[in-house]
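Asker: Before I ask anything, let me first share the structure, which is written out below as structure tokens.
2 protein chains.
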Amino acid sequence: MEESLPQRCLDCLVRDKALCGSLGDKQLLDLSLLGRRKVVPKGSVVTWEGDDNPICANIVTGALKLQASTADGREQTVGLLFSGDFIGEPFEEESAVTAEALADTDLCIFPRSGFERVLDDQPQLERALLERTLKSLREARERQLVLGRKSARARLAWFLLSLPRGCDGTIDLPIARQEIADYLGLTIETVSRQFTDLRSSGVIDAERGGRRLRVVDVTALQDAAE
Amino acid sequence: MEESLPQRCLDCLVRDKALCGSLGDKQLLDLSLLGRRKVVPKGSVVTWEGDDNPICANIVTGALKLQASTADGREQTVGLLFSGDFIGEPFEEESAVTAEALADTDLCIFPRSGFERVLDDQPQLERALLERTLKSLREARERQLVLGRKSARARLAWFLLSLPRGCDGTIDLPIARQEIADYLGLTIETVSRQFTDLRSSGVIDAERGGRRLRVVDVTALQDAAE
DNA sequence: CGGACGCTTGAGATCCCTCAAATGTCGTGG
DNA sequence: CCACGACATTTGAGGGATCTCAAGCGTCCG
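Here's what the structure looks like:
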């Protein structure tokens with residue numbers, strides 16, 4: 364009788380989108396034995412900066428932010444992760460960032476040491492992780508440009524353009540104003556003022572304080588992002 | 364008669380420090396056949412942002428900066444690379460950054476496609492590249508914190524602390540004031556003023572305008588870096 | 001000697017932050 | 001159904017850090 368994948372893998376919503384998509388059914392077996400599903404509630408912390416780094420995980424549903432902070436408590440979000448994304452730092456004893464759930468988040472968690480052993484055995488998994496890491500690095504470099512050189516207006520426009528946009532231009536903001544501020548290296552007040560400016564200049568259409576907006580003038584938004 | 368490594372590999376100054384250090388003599392053979400040494404003069408560009416991405420390379424001696432730029436020409440240095448570091452973006456058709464030599468730089472260059480084939484065959488090489496990429500990502504995240512949340516003073520202090528320091532506290536700056544400014548998301552004037560302030564408050568000792576300085580009070584510099 | 005270059009210094013402007021208060025929304029409980 | 005508080009967001013006023021523009025200084029090199 365052949366061993367088979369657990370039901371959670373067969374049913375997995377992100378089987379193809381996540382790292383696992385690089386593996387066939389047989390190859391996935393080892394990894395599947397390590398994984399366990401866990402829902403972490405909004406606001407809870409998955410890994411703490413400077414602490415042990417015991418896990419890696421795939422995000423099934425939900426969202427996480429990766430935070431770095433200064434000694435006096437200012438925070439900078441250094442990455443946003445969504446459904447299908449991978450979180451974790453293989454080969455590192457200590458976590459370099461704090462990972463916090465932005466919403467109730469369903470994770471498929473692997474012990475880091477076990478995950479590393481599967482990397483040893485499954486070159487396709489390692490390749491997929493390498494490609495994802497390279498992509499994360501490119502994105503982190505782009506954010507350095509944004510944080511180092513762009514105005515508040517341009518940062519917000521850049522952020523809005525990075526979000527999935529419906530065909531009618533609708534955007535559902537995945538995060539609150541304060542979290543946008545933490546991501547863009549600004550204060551919440553500045554973010555709010557920039558929203559107001561974009562609204563009153565007709566670039567976007569939105570309710571005051573709302574999480575849903577519509578991009579009216581994409582070209583103007585793209586210009587603003589410079 | 365056995366094939367053997369080319370003389371440039373046998374003599375290589377960074378054989379152990381660079382990516383190649385992950386490979387034994389036999390395993391290095393394939394890669395060594397691809398590599399060729401090239402000295403690129405200070406100021407010349409190795410890859411252009413948005414252009415073809417034909418090469419990967421190890422830095423033997425010298426230094427490179429990785430630049431991203433806005434449409435209107437403002438520049439942000441998103442990485443500094445030195446002897447032993449790897450440069451290149453495997454699996455990418457288009458380069459995301461401009462790589463420019465900060466000094467006359469001796470590279471060991473591989474065609475990207477050939478390098479990718481060796482990655483397919485040499486798991487140790489791929490592992491070493493993965494670990495380096497993860498390290499670069501951590502560093503890029505730390506720079507996001509610096510760029511998003513730290514004052515000019517703290518940025519410069521952080522930069523100085525990141526440089527190799529002799530036992531008497533001596534630092535030889537590898538780059539000019541303008542390049543420091545590009546790296547720290549500041550202007551050259553602000554960088555210069557911060558140097559002056561650090562000097563007049565006795566934290567560092569340096570000649571006006573000089574490339575060599577001495578850290579007098581490490582603790583004060585560490586405090587300033589917050 | 002003269003010019004180019006890199007760095008520093010100064011003055012003023014600007015953008016964003018800080019502090020403070022008002023507004024709006026939502027859920028809870030009376 | 002309404003009062004209330006908690007919370008997120010907006011708005012306002014003022015200040016400060018950094019940028020911009022301009023000039024000066026020192027060194028190196030032809």
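Protein chains in written order, with my numbering: chain F, 364 to 589; chain S, 364 to 589. Positions of the beta carbon are idealized from the N, C-alpha and C atoms, including for glycine. These figures come from a predicted structure and were not determined experimentally.
1) For residue 538 of chain F, which residues of its own chain have a beta-carbon under 7 Å away from its beta-carbon, when the five flanking residues on both sides are left out?
2) Go ahead and pull the three-state DSSP assignment for residue 364 of chain F.
3) Contact criterion: CB-CB distance below 8 Å. Does residue 500 of chain S meet it with respect to chain F?
4) Alpha carbon to alpha carbon, how far is residue 419 of chain F from residue 453 of chain S? Give it in angstroms, no decimals.
5) At the level of alpha carbons, what is the spacing between residue 490 of chain F and residue 563 of chain S?
6) Along the segment 432-462 of chain F, where does the CB come closer than 8 Å to a CB of chain S? Name the residues.
7) Apart from the five residues just before and just after residue 580 of chain F, which ones in its own chain have a Cβ nearer than 6 Å to its Cβ?
8) Which residues does DSSP list as the beta-bridge partners of residue 474 of chain F?
9) Which value, in whole angstroms, describes the spacing of the CA atoms of residue 432 of chain F and residue 429 of chain S?
10) So which residues of chain F does residue 417 of chain S contact, with C-beta pairs closer than 7 Å?
11) My output table needs one value for residue 575 of chain F: the three-state DSSP class, helix, strand or coil.
12) Within a Cβ cutoff of 6 Å, which residues of the same chain sit near residue 521 of chain S, ignoring the five residues on either side of it in sequence?
13) In whole angstroms, give me the CA-to-CA distance for residue 371 of chain S and residue 471 of chain S.
14) May I ask you to report which of helix, strand or coil DSSP gives residue 511 of chain F?
15) Do the segment 378-391 of chain F and the segment 400-410 of chain F meet, that is, are 3 or more Cβ pairs less than 8 Å apart?
16) Only counting the same chain, and skipping five residues up and downstream in sequence, which positions put a Cβ closer than 6 Å to that of residue 478 of chain F?
17) I'd like to know whether the C-beta of residue 529 of chain S is nearer than 8 Å to at least one C-beta of chain F.
18) What's the call for residue 561 of chain F, buried or exposed, on a 16-neighbour Cβ count within 10 Å?
19) Just to confirm, is the Cβ distance from residue 482 of chain F to residue 450 of chain F under 8 Å?
20) Give me, in chain order, the residues of the same chain whose beta-carbon lies closer than 6 Å to that of residue 541 of chain F; leave out the 5 immediate sequence neighbours on both sides.
21) Just how far apart, CA to CA, sit residue 455 of chain S and residue 493 of chain F?
22) Looking at chain S, which residues of the segment 403-429 of chain F have a Cβ within less than 9 Å of any of its Cβ atoms?
23) Taking the C-alpha atoms as reference points, what is the distance between residue 513 of chain S and residue 549 of chain S?
24) Could you tell me whether the Cβ atoms of residue 413 of chain F and residue 457 of chain F are closer together than 8 Å?
25) Taking buried to mean at least 16 other C-beta atoms within 10 Å of its own C-beta, is residue 442 of chain F buried or exposed?
26) With a threshold of 8 Å between beta carbons, is residue 389 of chain S in contact with chain F?
27) In terms of residue numbering, what span does the beta strand (DSSP E) encompassing residue 567 of chain S cover?
28) Starting from residue 534 of chain S, follow the beta strand (DSSP E) in both directions and report where the run begins and ends.
29) Is there at least one Cβ from chain S nearer than 8 Å to residue 582 of chain F's Cβ?
30) What residue range is occupied by the uninterrupted beta strand (DSSP E) comprising residue 400 of chain F?
31) In terms of alpha-carbon separation, which member of F/553, F/487, F/527, F/536 lies closest to residue 518 of chain F?
32) Consult DSSP for residue 434 of chain S and reduce its assignment to one of helix, strand or coil.
Answerer: The answer reads as follows:
1) Taking the first sequence and counting its residues from 1, the one referred to as residue 538 of chain F is at position 175. The answer, listed in chain order, is 465.
2) As a first step, residue 364 of chain F must be located in the first sequence, where it is residue number 1. Low local confidence applies: a pLDDT of 48 at residue 364 of chain F is under 50, so the model's placement there is unreliable, with the coordinate-based value given in what follows. Of the three classes helix, strand and coil, the one that applies to residue 364 of chain F here is coil, per DSSP.
3) Your numbering for residue 500 of chain S matches position 137 in the second sequence. So, interface residue.
4) The count along the second sequence starts at 1 and reaches residue 453 of chain S at position 90. The count along the first sequence starts at 1 and reaches residue 419 of chain F at position 56. Roughly 24 Å between the two C-alpha positions.
5) Looking up residue 490 of chain F in the first sequence gives position 127. Looking up residue 563 of chain S in the second sequence gives position 200. Going from the Cα of residue 490 of chain F to the Cα of residue 563 of chain S covers about 52 Å.
6) 432, 433, 434, 435, 437, 438, 439, 441, 442, 452, 453, 454, 455, 459, 460
7) Looking up residue 580 of chain F in the first sequence gives position 217. So the qualifying residues of the chain are 566.
8) The count along the first sequence starts at 1 and reaches residue 474 of chain F at position 111. In the DSSP output, where bridge partners are listed per residue, residue 474 of chain F has F/418.
9) The residue given as residue 432 of chain F occupies position 69 in the first sequence. The residue given as residue 429 of chain S occupies position 66 in the second sequence. Cα to Cα, residue 432 of chain F sits roughly 25 Å from residue 429 of chain S.
10) Taking the second sequence and counting its residues from 1, the one referred to as residue 417 of chain S is at position 54. Those do not exist, as residue 417 of chain S stays about 17 Å from chain F at its closest Cβ, beyond 7 Å.
11) One-based indexing of the first sequence puts residue 575 of chain F at position 212. It is a strand residue.
12) If you number the second sequence from 1, residue 521 of chain S lands on position 158. Excluding positions up to five away in sequence, the list reads 509, 588.
13) Against the second sequence, residue 371 of chain S aligns to sequence position 8. Against the second sequence, residue 471 of chain S aligns to sequence position 108. Taking the straight line from one Cα to the other gives about 9 Å.
14) Position 148 of the first sequence, counted from the first residue, corresponds to residue 511 of chain F. DSSP places residue 511 of chain F in helix when its eight states are reduced to three.
15) no
16) Locating residue 478 of chain F in the first sequence gives position 115, counting from the first residue. Same-chain partners within the cutoff: 419.
17) Position 166 of the second sequence holds residue 529 of chain S. No, its Cβ sits nowhere closer than 8 Å to a Cβ of chain F.
18) Within the first sequence, the letter at position 198 stands for residue 561 of chain F. So residue 561 of chain F ends up on the buried side.
19) To locate residue 482 of chain F, count along the first sequence from 1; it is residue 119. To locate residue 450 of chain F, count along the first sequence from 1; it is residue 87. No.
20) The sequence position of residue 541 of chain F within the first sequence is 178, counting from 1. Result list for residue 541 of chain F: 551, in chain order.
21) On the second sequence, position 92 is the one that residue 455 of chain S refers to. On the first sequence, position 130 is the one that residue 493 of chain F refers to. Cα to Cα, the separation comes out at about 12 Å.
22) 429
23) Translated into positions along the second sequence, residue 513 of chain S becomes position 150. Translated into positions along the second sequence, residue 549 of chain S becomes position 186. When rounded, the distance between both Cα atoms is 11 Å.
24) For the purposes of this step, residue 413 of chain F is taken as residue 50 along the first sequence, with counting starting at 1. For the purposes of this step, residue 457 of chain F is taken as residue 94 along the first sequence, with counting starting at 1. A contact, by the Cβ cut-off of 8 Å.
25) Taking the first sequence and counting its residues from 1, one reaches residue 442 of chain F at position 79. Classification for residue 442 of chain F: buried.
26) Here residue 389 of chain S corresponds to residue number 26 of the second sequence, with the count starting at 1. Not closer than 8 Å to any Cβ of chain F, the Cβ of residue 389 of chain S fails to qualify, so no.
27) Sequence index remark: in the second sequence, residue 567 of chain S carries index 204 (1-based). Residue 567 of chain S -> beta strand (DSSP E) spans 567-569.
28) By 1-based counting over the second sequence, the position of residue 534 of chain S is 171. Start and end: 533-535.
29) To locate residue 582 of chain F, count along the first sequence from 1; it is residue 219. False, the Cβ-Cβ gap to chain S never drops below 8 Å.
30) Your numbering for residue 400 of chain F matches position 37 in the first sequence. Residue 400 of chain F -> beta strand (DSSP E) spans 399-403.
31) Locating residue 518 of chain F in the first sequence gives position 155, where the first residue counts as 1. Of the candidates F/553, F/487, F/527, F/536, the one whose C-alpha sits nearest the C-alpha of residue 518 of chain F is F/553.
32) In the second sequence, residue 434 of chain S corresponds to position 71, counting from 1. Coil, per DSSP.
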